[in-house]
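Here is the structure we will look at.
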Amino acid sequence: MAKLYYGEKLLNLIVYLQEDKARRVAKRSHHTLAGLFNKAYDRVSTLEKATKGFEKSGIWPLNPEKLDKEDFLPARNPKLTIIADEEACCTDISG
Numbered sequence: 873m874a875k876l877y878y879g880e881k882l883l884n885l886i887v888y889l890q891e892d893k894a895r896r897v898a899k900r901s902h903h904t905l906a907g908l909f910n911k912a913y914d915r916v917s918t919l920e921k922a923t924k925g926f927e928k929s930g931i932w933p934l935n936p937e938k939l940d941k942e943d944f945l946p947a948r949n950p951k952l953t954i955i956a957d958e959e960a961c962c963t964d965i966s967g
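At position 82 of the sequence shown the residue is numbered 954 (this note's numbering), and the sequence of numbers has no breaks.
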């Protein structure tokens, strides 16, 4: 449903831009797009949908059957650099 409303607002933006090409919208277009998304999101978001999302994922109330062991592992950072030499990274500031 959100995609439908967002698409509708995006189409309105495209029509607006095509109708008046003389306007300087380049500087404001990201604000306009954010505003359109906000209108669509406000129209479809509800507390009930947010609650259902937590419930379906097993987060709240806790449902261990929906959660795998992998869900509790720390995030992986492929760009993590490990510095082997402690002196290269750390200085003693205790004085």
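For glycine and all other residues, C-beta sits at the position ideal for the given N, C-alpha and C.
- Taken atom to atom, the span from the alpha-carbon of Glu937 to that of Gly925 is near 16 Å.
- Cβ-Cβ distances below 6 Å link Ser929 to nothing in the same chain once the five nearest sequence neighbours on each side are left out.
- Around the Cβ of Leu908, a 10 Å sphere holds 16 or more other Cβ atoms; the residue is buried.
- With contacts defined by Cβ atoms closer than 8 Å, Lys941 and Ala912 do not form a contacting pair.
- The continuous alpha helix (DSSP H) containing Lys924 extends over residues Leu919 to Ser929.
- Residue state for Leu952 is assigned as coil, using DSSP reduced to three classes.
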